[in-house]
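To start, the structure itself, in structure tokens.
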Amino acid sequence: MAQRKKRELQEINASSMADIAFLLLVFFLVTTTFDSDYGIQRKLPEKRKDQPEVEKETKRRNAFVILVNREDRILVNGEEGDIRKLKDDVIEFILNPQNKDNLSEKKTIKSKYFGDVQVSKGVVVLQNDRGTSYKRYIEVQNVLAKAFNEMRNNLARQYFNTSYDELKYLAERADKDAMDKVDAIEEIMPLSISEAQPKNVGK
Amino acid sequence: MIRTKKKKSTPQISTASLPDIVFMLLFFFMVATKMKEITLKVEVKKPSASAATKIFDKSTLRSIYIGKPTADLVALYGNQPRLQINDKIAEISDLDAAVNDWRNEINEAERLKMTISLKVDENTKMGIVTDVKERLRDLVALKISYAALKTSDTGEY
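Chains A and B are the protein sequences, given in the same order. Here the first sequence stands for residues 1 to 203, numbered as in the numbering used here. Here the second sequence stands for residues 204 to 360, numbered as in the numbering used here.
Set out below in structure tokens:
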């Protein structure tokens with residue numbers, strides 16, 4: 001008897017399966033966050049007792065001092081600066097194309113790839129107050145990163161006919177040739193940013 | 204004219220494979236979804252930066268969070284920015300132990316590559332960030348990353 005009933009049993013309607021799956025799909029779509037880690041990567045200066053701080057041994061003309069005060073205003077070499085002009089100012093300071101005597105000095109080094117090249121002795125000194133907002137600090141760091149990226153990109157285009165970003169991308173994927181080239185570019189265009197001890201200006 | 208003729212002859216598209224397609228997508232998202240491994244006890248709204256780069260090596264990446272305690276924890280921890288290490292609100296002095304633990308977690312060959320990601324709320328003042336940075340210098344954990352949201356270049360300085 002029971003068997004007879006089974007035979008009459010109809011197939012389960014599966015048309016709602018798609019709806020259920022859609023519901024789950026939407027749930028996962030909404031909850032998924034591809035939180036990839038992006039950031040501005042920096043190396044903190046080493047603490048050594050026997051070595052004076054970078055800024056002390058740097059000549060005045062080789063230091064580009066950016067001070068971000070507690071009101072998030074920017075002072076460049078003691079004068080009120082504009083963040084919109086900052087990138088170009090940094091590039092001019094480091095490259096010093098007209099060899100002005102108030103911008104950074106150059107030294108000649110031997111590079112494996114480029115032979116004798118002139119490298120700037122300039123250091124960008126970034127100072128902040130304890131009351132500076134983090135947002136402003138990152139804005140300035142971002143401008144500095146962009147300035148150095150631009151200069152490195154120009155070098156890469158000049159010597160390797162490709163961009164520094166592209167080389168960096170390949171180097172991340174363990175391309176030996178790209179790694180060498182990245183190192184070579186970083187050697188003649190070092191990320192010379194000194195994150196000096198903050199000042200307590202007008203505490 | 205052509206329309207009416209064609210319409211009559213076209214059979215309905217079968218939707219029988221629809222569930223399969225949807226399931227495939229579903230499995231993709233189920234696998235790709237990473238549930239948050241720690242609960243944040245501080246509010247962190249990352250600042251945006253166009254020059255931010257992606258960190259590929261997650262195995263050597265460790266995070267420190269800095270921000271104001273979340274609304275339900277204000278009574279406990281106050282409303283001043285605090286530090287969160289792993290899943291606890293911590294003091295600057297706790298960094299020593301944490302950095303040590305992290306170093307031990309990472310195998311010896313990669314220990315030098317350890318990067319500490321500072322995930323700081325954009326409205327925090329630099330004071331506490333500086334203290335953390337100084338402590339990290341003392342601990343010789345020099346590779347850091349200021350976590351930021353990657354934005355496009357337009358409308359920036």
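Backbone N, C-alpha and C define an ideal beta-carbon position, used for all residues, glycine too.
- Taking N99 of chain A as reference, the option from A:N69, A:Q118, A:K59 and A:K135 with the minimal CA-CA separation is A:Q118.
- Across the segment 115–133 of chain A, CB contacts with chain B closer than 9 angstroms involve N128, D129, R130, G131, T132 and S133, in sequence order along the chain.
- Within 8 angstroms of the CB of L29 of chain A, the CB atoms of chain B belong to F232, in sequence order along the chain.
- With fewer than three CB-CB distances shorter than 8 angstroms, the segment 164–175 of chain A does not count as touching the segment 92–110 of chain A.
- In this structure, A63 of chain A places its C-beta atom within 8 angstroms of the C-beta atom of V123 of chain A.
- Residue state for A219 of chain B is assigned as coil, using DSSP reduced to three classes.
- Taken through DSSP and simplified to helix, strand or coil, G270 of chain B comes out as strand.
- At least one CB atom of chain B sits nearer than 8 angstroms to the CB of Y137 of chain A.
- Measuring C-alpha to C-alpha distances from Y134 of chain A to each of B:R265, B:D290, B:Y349 and B:L276 identifies B:Y349 as the nearest.
- CA-CA distance, R70 of chain A to V323 of chain B, rounds to 18 angstroms.
- Contact annotation: I91 of chain A and A147 of chain A have beta-carbon atoms nearer than 8 angstroms.
- For the 8 angstroms CB-CB criterion, T132 of chain A and V68 of chain A form a contact.
- Taking every protein chain shown into account, the CB of M233 of chain B has fewer than 16 other CB atoms within 10 angstroms, so this residue is exposed.
- Contact between K353 of chain B and A278 of chain B does not hold, since their C-beta atoms are separated by about 35 angstroms, which reaches or exceeds 8 angstroms.
- Between S36 of chain A and chain B, the shortest Cβ-Cβ separation is below 8 angstroms.
- Taking a C-beta cut-off of 8 angstroms against chain A, none of the residues of the segment 272–283 of chain B qualify.
- V247 of chain B has a beta carbon lying at 8 angstroms or more from every beta carbon in chain A.
- The beta-carbon distance between L44 of chain A and K336 of chain B, rounded to whole angstroms, is 6 angstroms. This is short enough to meet the 8 angstroms contact definition.
- Taking a beta-carbon distance threshold of 8 angstroms, Q41 of chain A counts as an interface residue toward chain B.
- For Q141 of chain A, the uninterrupted alpha helix (DSSP H) segment begins and ends at Y134 to F160.
- In this structure, the CA atom of R306 of chain B is about 28 angstroms from the CA atom of Y280 of chain B.
- For I20 of chain A and T236 of chain B, the gap between their C-alpha atoms comes out near 19 angstroms.
- For E246 of chain B, the secondary structure class from DSSP, reduced to helix, strand or coil, is coil.
- For V343 of chain B, the number of other beta carbons within 10 angstroms of its own is below 16, and it is reported as exposed.
- Taken in chain order, the members of the segment 302–323 of chain B whose beta-carbon sits within less than 9 angstroms of a beta-carbon on chain A are T318, S320, L321, K322 and V323.
- Straight across, the Cα-Cα distance linking S163 of chain A with L155 of chain A is about 8 angstroms.
- For M17 of chain A, the C-beta contacts it makes with chain B under 7 angstroms involve P222, in order along the chain.
- In the structure shown, E311 of chain B falls within a helical segment according to DSSP collapsed to helix, strand and coil.
- Taking 8 angstroms as the threshold, the shortest C-beta distance from A235 of chain B to chain A falls below it.
- Rounded to the nearest angstrom, the gap between the Cα atoms of I94 of chain A and N153 of chain A is 15 angstroms.
- Look at the segment 69–105 of chain A and you find these whole runs of beta strand (DSSP E), each 3 residues long or longer: 74–76.
- The beta carbon of L286 of chain B sits no closer than 8 angstroms to any beta carbon of chain A.
- T242 of chain B and D290 of chain B have their C-alpha atoms some 6 angstroms from each other.
- Using a Cβ-Cβ cut-off of 8 angstroms, A145 of chain A counts as an interface residue toward chain B, since at least one Cβ of chain B sits closer than that to its own.
- Within the segment 336–347 of chain B, the residues whose Cβ lies closer than 7 angstroms to any Cβ of chain A are, in chain order, K336, L339, R340, D341, L345, K346 and I347.
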